Amino acid sequence: MSKLTTVPNSAPFAPEQIQALNNVIGNVSLVQRAWLSGFLAGLDAAEAKPAIPAAPPTEKLKLTILYATESGNAEALAAQVRQDAIKRGFAPKVLDMGDATVDQLKSAGSILAIVSTWGDGEPPQRAAPFLRAFMSDAAPRLEGVKFAVLALGDSSYAQFCETGKQVDARFAALGAIRAAYRVDLDLDYEAPAKSWIATTLEMLAPKDASSVIHVDFQKSVTAEAASKTSPYAAEISAHHKLTSERADSETFHVELSLAGSGITYEPGDALAIVPQNDPALVSDIIAKLGMPHDPDLTEALTSRYDITTLTARQMKDFAALTKNVALGALADDVAKRSEFLAGRQMIDLLENFPSTIDPESFTSLLRPLAPRYYSIASSQKAVAEEAHLTIARLAYESAGRSRKGVASTLVSDRRKTGGLLDVFVKPNQHFRLPKDSAAPIVMIGAGTGIAPYRSFLQEREATGAKGKSWLIFGHRHFLYDFLYQLEIQAWLKAGVLSRLDLATSRDQPEKRYVQHVLWEQRSDLRKQLDKGATLYLCGDAKHMARDVDATLQRILADGKNEAVGQVALDALITAGRYKKDVY
Ligand SMILES: Cc1cc2nc3c(=O)[nH]c(=O)nc-3n(C[C@H](O)[C@H](O)[C@H](O)COP(=O)(O)OP(=O)(O)OC[C@H]3O[C@@H](n4cnc5c(N)ncnc54)[C@H](O)[C@@H]3O)c2cc1C
Ligand SMILES: Cc1cc2nc3c(=O)[nH]c(=O)nc-3n(C[C@H](O)[C@H](O)[C@H](O)COP(=O)(O)O)c2cc1C
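Numbering-wise, the sequence shown is residues 0 to 582 according to numbering that gives the first Met the number 0.
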């Protein structure tokens, strides 16, 4: 997909140079952009270090591929880099920030870091302890170490690629040598990542720096991962509402048949749904653009493109395409632009700045429609060739319009029993039951955060696991939205679940959440931790996860200061005994 770029007038160039630059890079594709970035970095490297001798051909250059991931994209890219690096004669080592210490960086050789951003501009949770140490005064100096950072993110978030940016800046601040400019990649990261990786490995390779520009441009643009491009059309074998009519929101239980697909999964994994946009919104957009009926465009806007977000780049590019001066001015003013973007989508841009543009130009502005992930709520030991999901229907108002979540309303409103959903498994190695089935577990969650725990309990029931299991579940009303109430109570009775604590937030005047239960039951929680329990947290990232983290820190500090609690919590994360699946 091509993206428009304009060099700001504040750039350190003469006006005619800015004009010339805009002529060249005004319409580069992401791949060309990544190539250009690598090329310029290569020129810098050549000028800065003209005298680096070529290494003997047999010598393998040490390369550490350091990654921080939540849902596995950075991890998959790291594996890809490793393969490429071996072919280019490096001795690569892949290192998960979740398992790394900052001291390892000193002897890491060159470092190629792949870092995603989560929450609202936060690091992936397993990487957080490493990054705290990396950002602290205690981090080692890294003079002489070459580094390059590939940042993964989603440009519809205000803090786009924030963690990657911070890591890049920190390497430089610690004295490391930037071998390639950072790239900040959006959800359609595969092709530009491949190109950047090739360029960066060229630059890190121990040979004449002028060779950095030899990127096999055509070869680098390849198809996306097979799982995304060829999802399985699973039939919905059961579909019912879990919440009562009086609940504040609706949550659905959906069973999918995987019969004959060969798809397997483990408790803790997620299922990705490749969604389709709301046909009413698609029609609305086509009407706003004044385009004639075109089945290809309708199909593209329904199945291929993200039409429900709006990014700063899209505002700028739309202004440039439609030569809309007022929109261009708004897009260039950071404060006003952020105010406009808040809660708005593409349809709002078309409504506020009506224009007619051709379908190709319009779709060139759009990002690909991303899959949505759902924690699998079943164990194959109990349900065999099925996967169960727990899906909350998202509907809200913003900027004076009612909005519907793309995937959750597709599943809630437009797909019923007998319908099909395109799916693939998104494994999550970091949210697994303990290997020792006799070890205790404490499952903390709210709302749809119950989903993976249903899979854990099905698994433990099927395997006759002996370990104690404690569920702390938060929801609004005992009577209206206690998801899977009957099953959970049956597991409690049968001893599959050893203990259940509920935090209903709206059954009494004062709000009561899972963190309140944790604090009240802190002495029991400490006992479970002393017995080797693994803690799990699943559900809302914005509020619940932060409050639970703060409470756990307070509990672990045991009357001492906050830092003591943080160190103890980091130790649990690093030991794989505090696992989060929050969104
Ligand atoms: C690993 C993982 C596991 C998950 N498991 C589950 C699960 O088991 N069950 C489940 O239901 N969900 C789960 N989710 C969340 C799920 O993937 C989707 O994000 C969710 O269903 C919304 O998707 P959607 O397509 O319906 O909404 P989208 O169309 O993606 O809309 C979501 C966006 O709407 C905006 N938004 C939402 N509320 C508001 C508001 N009040 N005001 C303004 N803007 C708002 C935000 O920008 C938000 O990003 C999980 C997510 C992850 C990453
Ligand atoms: C719940 C959630 C929060 C996210 N928050 C951000 C964010 O604040 N900034 C950003 O640039 N990307 C954000 N992203 C996008 C991810 O960084 C992006 O999907 C990335 O490819 C994930 O890589 P990973 O699988 O290696 O973790 C978020 C994604 C999800 C699902």
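C-beta: ideal position from N, C-alpha, C; glycine also.
Quick caveat: nothing in here was measured; it's all calculated off a predicted structure.
DSSP state of residue 144, grouped into three classes? Translated into positions along the sequence shown, residue 144 becomes position 145. Annotated three-state conformation of residue 144 is coil, per DSSP.
Under three-state DSSP, which class holds residue 178? The residue you call residue 178 lines up with position 179 of the sequence shown. In this structure, DSSP gives residue 178 a state outside helix and strand, which the three-state scheme calls coil.
How would you write the range of the alpha helix (DSSP H) that residue 416 sits in, first residue to last? What you label residue 416 is simply residue 417 of the sequence shown in a count that begins at 1. Per DSSP, residue 416 lies in no alpha helix (DSSP H) and is assigned neither H nor E.
Using 8 Å as the threshold, is the region 517-534 in touch with the region 444-455, meaning 3 or more CB pairs across them? In short, these stretches do not touch, since the Cβ pair count stays below three.
Can you confirm whether the region 311-319 touches the region 408-424 when touching is taken to mean that 3 or more C-beta pairs between the two stretches lie within less than 8 Å? At 8 Å Cβ cutoff, the stretches do not touch.
On the criterion of 16 or more Cβ atoms from any shown chain inside 10 Å, does residue 376 qualify as buried, or is it exposed? Here residue 376 corresponds to residue number 377 of the sequence shown, with the count starting at 1. Residue 376 sits buried, since 16 or more C-beta atoms from the chains shown fall within 10 Å of its C-beta.
CA-CA distance, residue 435 and residue 382? As a first step, residue 435 must be located in the sequence shown, where it is residue number 436. As a first step, residue 382 must be located in the sequence shown, where it is residue number 383. Separation of residue 435 and residue 382 (C-alpha to C-alpha, rounded to the nearest whole angstrom) is 23 Å.
Contact under 8 Å by Cβ, residue 236 with residue 416: Taking the sequence shown and counting its residues from 1, the one referred to as residue 236 is at position 237. Taking the sequence shown and counting its residues from 1, the one referred to as residue 416 is at position 417. In terms of Cβ geometry, residue 236 and residue 416 form a close pair [threshold 8 Å].
Is residue 420 near ligand 1, with its Cβ less than 7 Å from a heavy atom? Residue mapping note: residue 420 aligns to position 421 of the sequence shown, counting from 1. No; taking the cut-off as 7 Å, the Cβ of residue 420 has no heavy atom of ligand 1 nearer than that.
What residue range is occupied by the uninterrupted beta strand (DSSP E) comprising residue 195? By one-based count along the sequence shown, residue 195 stands at place 196. Run containing residue 195: none in the beta strand (DSSP E); it sits in the alpha helix (DSSP H), 189-203.
Taking the alpha helix (DSSP H) that residue 330 belongs to, which residues open and close that run? Sequence index remark: in the sequence shown, residue 330 carries index 331 (1-based). First-last of the alpha helix (DSSP H) with residue 330: 324-331.
Can you list, in chain order, the residues of its chain whose CB lies under 8 Å from that of residue 100, leaving out five sequence neighbours each side? The sequence position of residue 100 within the sequence shown is 101, counting from 1. These residues qualify, in order along the chain: 129 and 132.
Same chain only: Cβ atoms within 7 Å of residue 278, ignoring 5 sequence neighbours per side: Residue mapping note: residue 278 aligns to position 279 of the sequence shown, counting from 1. Only 301 meet the Cβ criterion.
Please state the DSSP three-state secondary structure of residue 496. Start at 1 with the first residue of the sequence shown, and residue 496 comes out as number 497. Of the three classes helix, strand and coil, the one that applies to residue 496 here is coil, per DSSP.
Do residue 358 and residue 309 have their C-beta atoms within less than 8 Å of each other? Translated into positions along the sequence shown, residue 358 becomes position 359. Translated into positions along the sequence shown, residue 309 becomes position 310. The Cβ atoms of residue 358 and residue 309 lie no closer than 8 Å to each other.
Distance between residue 70 and residue 249 (C-alpha atoms, nearest Å): For the purposes of this step, residue 249 is taken as residue 250 along the sequence shown, with counting starting at 1. For the purposes of this step, residue 70 is taken as residue 71 along the sequence shown, with counting starting at 1. Their backbone Cα atoms lie some 26 Å apart in a straight line.
Residue 109 - DSSP class collapsed to helix/strand/coil: Taking the first residue of the sequence shown as 1, we reach residue 109 at position 110. Note: residue 109 maps to strand in three-state DSSP.
Look at the alpha carbon of residue 319 and the alpha carbon of residue 354, and state the distance between them as a whole number of angstroms. Numbered from 1 along the sequence shown, position 320 holds the residue referred to as residue 319. Numbered from 1 along the sequence shown, position 355 holds the residue referred to as residue 354. Between residue 319 and residue 354, the alpha-carbon positions lie close to 12 Å from each other.
Just tell me which of 425, 445, 280 and 478 has its CA closest to the CA of residue 268. To locate residue 268, count along the sequence shown from 1; it is residue 269. Across the set 425, 445, 280 and 478, the C-alpha of 425 shows the shortest separation from the C-alpha of residue 268.
Buried or exposed by the 16-neighbour rule on C-beta atoms within 10 Å, applied to residue 116: In the sequence shown, counting from the first residue as 1, residue 116 sits at position 117. Under a 10 Å Cβ-count criterion, residue 116 is classified as buried, with 16 or more other Cβ atoms of the shown protein chains found around its own Cβ.
Segment contact flag, the region 462-471 with the region 488-504, C-beta cutoff 8 Å, min 3 pairs: With the cut-off at 8 Å, the region 462-471 and the region 488-504 touch.
Residue 427 burial status per 10 Å Cβ neighbour count (16 or more: buried): Counting from one through the sequence shown, the residue named residue 427 turns up at place 428. Under the 10 Å beta carbon count, residue 427 is surrounded by 16 or more other beta carbons and is classified as buried.
Comparing alpha-carbon positions, which option in 356, 97, 91 and 261 lies nearest residue 203? Taking the sequence shown and counting its residues from 1, one reaches residue 203 at position 204. Nearest neighbour of residue 203 by Cα position, chosen from 356, 97, 91 and 261, turns out to be 91.
Residues in its own chain within less than 7 Å of residue 77 by CB, not counting five upstream and five downstream? Taking the sequence shown and counting its residues from 1, one reaches residue 77 at position 78. Cβ within range, chain order: 64, 66, 93 and 113.
Find out if the Cβ-Cβ distance for the pair residue 536, residue 443 is shorter than 8 Å. By 1-based counting over the sequence shown, the position of residue 536 is 537. By 1-based counting over the sequence shown, the position of residue 443 is 444. The answer is yes: Cβ separation under 8 Å.
Label residue 422 either buried or exposed according to how many other C-beta atoms from any shown protein chain fall within 10 Å of its C-beta, with 16 as the threshold for buried. Translated into positions along the sequence shown, residue 422 becomes position 423. With 16 or more Cβ atoms within 10 Å of its Cβ, residue 422 is classed as buried.
Can you name, in chain order, every residue of its own chain whose Cβ lies under 7 Å from the Cβ of residue 154, other than the five neighbours on each side? Start at 1 with the first residue of the sequence shown, and residue 154 comes out as number 155. Counting only Cβ-Cβ distances below 7 Å, and skipping sequence neighbours, we find 185, 310 and 312.
Could you pull out every residue in the same chain whose Cβ sits closer than 6 Å to the Cβ of residue 577, ignoring the five residues on either side in sequence? By one-based count along the sequence shown, residue 577 stands at place 578. Excluding sequence positions up to five before and after residue 577, its CB lies within less than 6 Å of the CB of 534 and 571, all in the same chain and listed in chain order.
Helix, strand or coil: how does DSSP classify residue 235 here? If you number the sequence shown from 1, residue 235 lands on position 236. Residue 235 falls in the strand class under three-state DSSP.
Rounding to the nearest angstrom, what Cα-Cα distance links residue 47 and residue 145 in this structure? Against the sequence shown, residue 47 aligns to sequence position 48. Against the sequence shown, residue 145 aligns to sequence position 146. No answer about residue 47 holds up, because its pLDDT of 49 lies below 50 and its placement is not dependable.
Between 337, 461 and 347, which lies nearest to residue 159 when the distance is taken from Cα to Cα? The sequence position of residue 159 within the sequence shown is 160, counting from 1. Ranking 337, 461 and 347 by Cα distance to residue 159 puts 337 first.
Where residue 508 falls, given that 16 or more other Cβ within 10 Å makes a residue buried: By 1-based counting over the sequence shown, the position of residue 508 is 509. It is exposed - the Cβ of residue 508 has fewer than 16 other Cβ atoms within 10 Å.
Tell me whether residue 476 sits in a helix, a strand or coil according to DSSP, three-state version. Counting from one through the sequence shown, the residue named residue 476 turns up at place 477. Three-state result, residue 476: coil.
Give me the Cα-Cα distance between residue 392 and residue 481, rounded to the nearest whole angstrom. As a working mapping, residue 392 is identified with position 393 in the sequence shown. As a working mapping, residue 481 is identified with position 482 in the sequence shown. Between residue 392 and residue 481, the alpha-carbon positions lie close to 16 Å from each other.
Using a Cβ-Cβ cut-off of 8 Å (strictly less than) and excluding sequence neighbours within five positions of residue 554, which residues of its own chain qualify? For the purposes of this step, residue 554 is taken as the residue at position 555 of the sequence shown. The residues are 517, 518, 521, 524, 525 and 564.
Nearer than 7 Å: is that true of the beta carbon of residue 74 relative to any heavy atom of ligand 2? As a position in the sequence shown, residue 74 is number 75, starting the count at 1. Flag set: Cβ of residue 74 near ligand 2.
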